[in-house]
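Participant:
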Amino acid sequence: GISAIDVMNSIARGQKIPIFSAAGLPHNEIAAQICRQAGLVKVPGKSVFDDHEDNFAIVFAAMGVNMETARFFKQDFEENGSMENVCLFLNLANDPTIERIITPRLALTAAEFLAYQCEKHVLVILTDMSSYAEALREVSAAREEVPGRRGFP
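For what it's worth, the working numbering labels the leading residue of the sequence shown as 303, then goes sequentially.
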């Protein structure tokens with residue numbers, strides 16, 4: 303993995319880890335690197351099937367990204383051979399707002415299917431949640447709701 307993230311934020315199975323970023327920082331490269339280097343830790347004494355590389359899947363969803371970023375993710379995963387384990391959801395910036403809202407929900411549904419029906423270990427990476435939050439605010443404003451609990455994530 304990435305040493306700075308691994309040392310400061312050791313995670314267990316089922317745990318979430320947020321990575322906050324700002325404009326101009328390499329958050330897309332970090333998300334791609336996490337996807338590239340992800341895998342199961344081999345524990346002595348466990349069954350061979352449990353930590354086998356075929357028993358691992360990655361669900362990657364990017365919301366509100368431009369065409370160049372979407373091309374970067376797809377090309378990076380294909381070049382590094384991680385595309386065979388990746389279920390990729392790309393929502394572009396010019397796509398409708400409702401698609402941006404539904405993208406992470408579709409990604410999590412796919413992850414649940416892979417985990418519970420296919421019995422795989424699944425890593426879910428959702429990038430650019432700020433675009434998702436903006437889409438929620440747009441829908442809230444269109445419904446003329448008062449900004450509050452339902453209007454913000």
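C-beta atoms are modelled at their ideal positions from N, C-alpha and C, and glycine is treated no differently.
State yes or no: is the C-beta of ASP399 within less than 9 Å of the C-beta of ALA363?
Facilitator: Here residue 399 corresponds to residue number 97 of the sequence shown, with the count starting at 1. Here residue 363 corresponds to residue number 61 of the sequence shown, with the count starting at 1. It is Thr, not Asp, that sits at residue 399 in the sequence shown. It is not a contact, given that the beta carbons lie outside the stated cut-off.
Participant: Output the distance between the C-alpha atoms of ASN382 and ILE427, rounded to the nearest integer angstrom.
Facilitator: Walking along the sequence shown from the start, residue 382 turns up at place 80. Walking along the sequence shown from the start, residue 427 turns up at place 125. Distance between the alpha carbons of ASN382 and ILE427 is about 17 Å.
Participant: Tell me the rounded alpha-carbon separation between SER442 and MET431.
Facilitator: As a working note, residue 442 is residue 140 in the sequence shown. As a working note, residue 431 is residue 129 in the sequence shown. Answer to the nearest angstrom: the Cα atoms are 17 Å apart.
Participant: Going by DSSP in three states, ALA324 sits in which element: helix, strand or coil?
Facilitator: Against the sequence shown, residue 324 aligns to sequence position 22. Looking at ALA324 - three-state DSSP - the assignment turns out to be coil, as it is neither helix nor strand.
Participant: Let me confirm a value: VAL350 is counted as buried when at least 16 other C-beta atoms fall within 10 Å, else exposed. Which label applies?
Facilitator: Working through the sequence shown from its first residue, we reach residue 350 at position 48. The pLDDT assigned to VAL350 is 46, lower than 50, so where the model puts this residue is not dependable; a value taken from the coordinates is nonetheless given after this. Under this definition VAL350 is an exposed residue.
Participant: Taking only the alpha-carbon atoms, compute the straight-line gap between ARG445 and ALA325 and give it to the nearest angstrom.
Facilitator: The sequence position of residue 445 within the sequence shown is 143, counting from 1. The sequence position of residue 325 within the sequence shown is 23, counting from 1. If I take the Cα positions, the gap works out to 29 Å.
Participant: Residues bridged to CYS389 by DSSP?
Facilitator: The residue given as residue 389 occupies position 87 in the sequence shown. In DSSP, CYS389 forms a bridge with VAL361.
Participant: Per DSSP, what kind of secondary structure is LEU394 in: helix, strand or coil?
Facilitator: Mapped onto the sequence shown, residue 394 falls at position 92. Here LEU394 sits in strand by DSSP.
Participant: DSSP on ALA437, reduced to helix/strand/coil?
Facilitator: Here residue 437 is taken as the residue at index 135 of the sequence shown, counted from 1. Residue state, collapsed to three classes: helix.
Participant: Can you name, in chain order, every residue of its own chain whose Cβ lies under 6 Å from the Cβ of THR429, other than the five neighbours on each side?
Facilitator: Along the sequence shown, read from residue 1 onward, the residue named residue 429 stands at position 127. Same-chain partners within the cutoff: ALA333 and ALA364.
Participant: Go ahead and pull the three-state DSSP assignment for LEU342.
Facilitator: The residue labelled residue 342 in the question sits at position 40 within the sequence shown. The answer is coil: DSSP assigns LEU342 none of H, G, I, E or B.
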